[in-house]
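Protein chains in written order, with the working numbering: chain A, 1 to 245; chain B, 1001 to 1140.
C-beta atoms are modelled at their ideal positions from N, C-alpha and C, and glycine is treated no differently.
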Amino acid sequence: MAKQSAKNGLVLIGGKNFSAQSLQWDANMTTNPAEITGFGEQSHNFINTLKSGEVTLNLLWDSSDKTESLLTTTEESNVTIVPGGYSLGAPSLSMPFYQANCDISGSASGDAIQAGSMKFVTRGNVGGLELGQVLHSSAITVSTTDTGVTDPNQGTQEITGACAGVLHVWLATTTDSYVVEIQESTDDITYATLITFTLNGQALGSERVARASANIEPYRRVVATRTGAAADSFGFTVHFWHEGA
Amino acid sequence: MAKVSAKNAVIQITDSTGGADNISADTLTYDIQYSNDTPEVTGFGDGAHNFIIGQRVIAVTLECLFNPASSSDCYYIFKGLYETGVVTELIVTPESGQNLKGNFYLTGFNMSGAAGGDAIKIGSVTFAVAGATAPDWTTT
């Protein structure tokens, strides 16, 4: 991956894929620096304080259970963006949010209805936008064990800190159910469970599961285990974030 | 020296583990705020508004392209600095031999993409001075 076009970006909100409805995304993150300049110091200087994050999407109106659903609910949910589109381990941004505002507009000349600039603000005690990796994004029909991946900053080191996984179920099964896990490994051979989601694939939705502190091994993969034999399609995306670089 | 094109600027930065990286190829623009506070000290009877030099103000803003190719490219450098909050040494060289060099915190950035297919951007990457020592112009 080098410099990338935005054309393949993936935008998921609460288990729904809004990529085709999105014209533009903006993700803003700041550490809200506080000035600590004292007498005798050479210049204004600062320290970092509390992180905050905000996502703004410029969306087209789509009443087929898409943009309308964002307007009519105040449920807690997750927004996840994969800037360059899905590939295993690609950078992704995610944030639990409340939808704060939007600006619906239409004109008599017949332009497409705009759901406008929709703003999402951080919900809950999280560190703003979580800059992580996407570990899975496709539909499956059978139990699946994905390939392990690490991230460039962590390399092959174990780290300790908070972590969180976000599951978006964007294509629900009819009868089968699934258990979706994020597993970790020191060697990409022997894996253990790090995060288990409760969503079982039978309904659209998103879920964020966090661990306040964990030893996070360098390799991660997604395992989805099916119960049932109907082999109906289960479409989902998994984002993983950990504290630290 | 005469007027000089900006095209050969060099942007160097240390990542969250202290490694020195050159992100010039990922950078579109730099903006160095380098000024002094000028508190007004005009008193009764003075002939005009007048000022004294106060504290120095230095900040750097970069506009970059999203490049997640490796830990030494700009996305993972900014991510690491943002997540860890460690101090980075930033060196901006507008023209060969003239550097602004100092210690900074990365205080925020903005990522954006448009469906029209432009390159993904990391904009408004803001750096605020860390510590009591002011970044300064150096020559190399």
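- Using a 10 angstroms sphere on the CB of W241 (chain A), the tally of other CB atoms reaches 16 or more, which defines it as buried.
- Residue pairing by DSSP places S105 (chain A) opposite A:Q114 in a beta bridge.
- Residue pairing by DSSP places D1021 (chain B) opposite B:I1013 in a beta bridge.
- Inter-residue distance for V1087 (chain B) and L1081 (chain B) is about 8 Å (C-alpha atoms, whole angstroms).
- When the Cα atoms are used, N1110 (chain B) and G1123 (chain B) turn out to be separated by approximately 5 Å.
- For Y86 (chain A), the three-state secondary structure derived from DSSP is coil.
- Three or more beta-carbon pairs drawn from the stretch 1118–1137 of chain B and the stretch 40–56 of chain A are found closer than 8 Å, and the two stretches are therefore classed as touching.
- If you look at I216 (chain A), you'll find it isn't in any alpha helix (DSSP H); it sits in the beta strand (DSSP E) that goes G205 to I216.
- In the assembly as shown, K16 (chain A) is a buried residue. Its beta-carbon has 16 or more other beta-carbons within 10 Å.
- Excluding its 5 nearest sequence neighbours in each direction, C163 (chain A) has C-beta neighbours in its own chain below 8 Å: L194, I195, A210, R211, A214, I216, F240, W241, H242 and E243, listed in chain order.
- Close to chain A, meaning a Cβ-Cβ distance shorter than 7 Å, are the following residues of the stretch 1102–1125 of chain B: Y1105, T1107, G1108, F1109, N1110, M1111, S1112, G1113, A1114, A1115, G1117, D1118, A1119 and I1120.
- The secondary-structure analysis by DSSP pairs A34 (chain A) across a beta bridge with A:I47.
- Proximity to G1108 (chain B) across A:N32, A:D187 and A:A112 peaks at A:N32, based on C-alpha coordinates.
- Each of B:S1071, B:T1138 and B:Y1075 was checked against the Cα of T1017 (chain B), and the nearest Cα belongs to B:S1071.
- Bounds of any beta strand (DSSP E) do not take in T1038 (chain B), whose DSSP letter is neither H nor E.
- E75 (chain A) has no beta-bridge partner at all, per DSSP.
- The Cβ atoms of L167 (chain A) and F120 (chain A) lie no closer than 7 Å to each other.
- With its beta carbon at least 7 Å from every one in chain A, F1051 (chain B) lies outside the interface.
- Neighbours of V1057 (chain B) in chain A, taken as residues at a C-beta separation under 8 Å, are given in chain order as S43 and H44.
- Close to S92 (chain A), with beta-carbon spacing below 8 Å, lies no residue of chain B; the smallest spacing is near 10 Å.
- Annotation: Cβ neighbours of V1129 (chain B) in chain A (cutoff 8 Å, chain order): S43, H44, N45 and F46.
- Interface criterion met: the Cβ of N153 (chain A) is under 7 Å from a Cβ in chain B.
- Cβ neighbours of T144 (chain A) within its own chain (closer than 6 Å, five residues either side excluded): A224.
- The three-state secondary structure of E1083 (chain B), taken from DSSP, is helix.
- Note that the C-beta distance between L135 (chain A) and V238 (chain A) is below 7 Å.
- With contact defined as three or more Cβ pairs closer than 8 Å, the stretch 1045–1053 of chain B and the stretch 1018–1031 of chain B are not in contact.
- Between W25 (chain A) and the set A:L88, A:P218, A:I13 and A:E35, the nearest pair of CA atoms involves A:I13.
- Within chain A, the residues P152 have their CB atoms less than 7 Å from the CB of S1070 (chain B), given in chain order.
- Taking C-alpha positions only, Y178 (chain A) is separated from P218 (chain A) by approximately 25 Å.
- Within chain B, the residues E1083 have their CB atoms less than 8 Å from the CB of E243 (chain A), given in chain order.
- Around the beta-carbon of E184 (chain A), 16 or more other beta-carbon atoms lie within 10 Å, marking it buried.
- Taking CB atoms only, F1044 (chain B) has no neighbour in chain A less than 7 Å away.
- Contacts between L88 (chain A) and chain B, judged by CB atoms closer than 8 Å, are missing: the closest CB pair is about 13 Å apart.
- Burial of Q4 (chain A) is indicated by the presence of at least 16 other C-beta atoms within 10 angstroms of its C-beta.
- Inclusion of V1125 (chain B) and Y1030 (chain B) in the CB contact set at 7 Å is not warranted, their separation being larger than that value.
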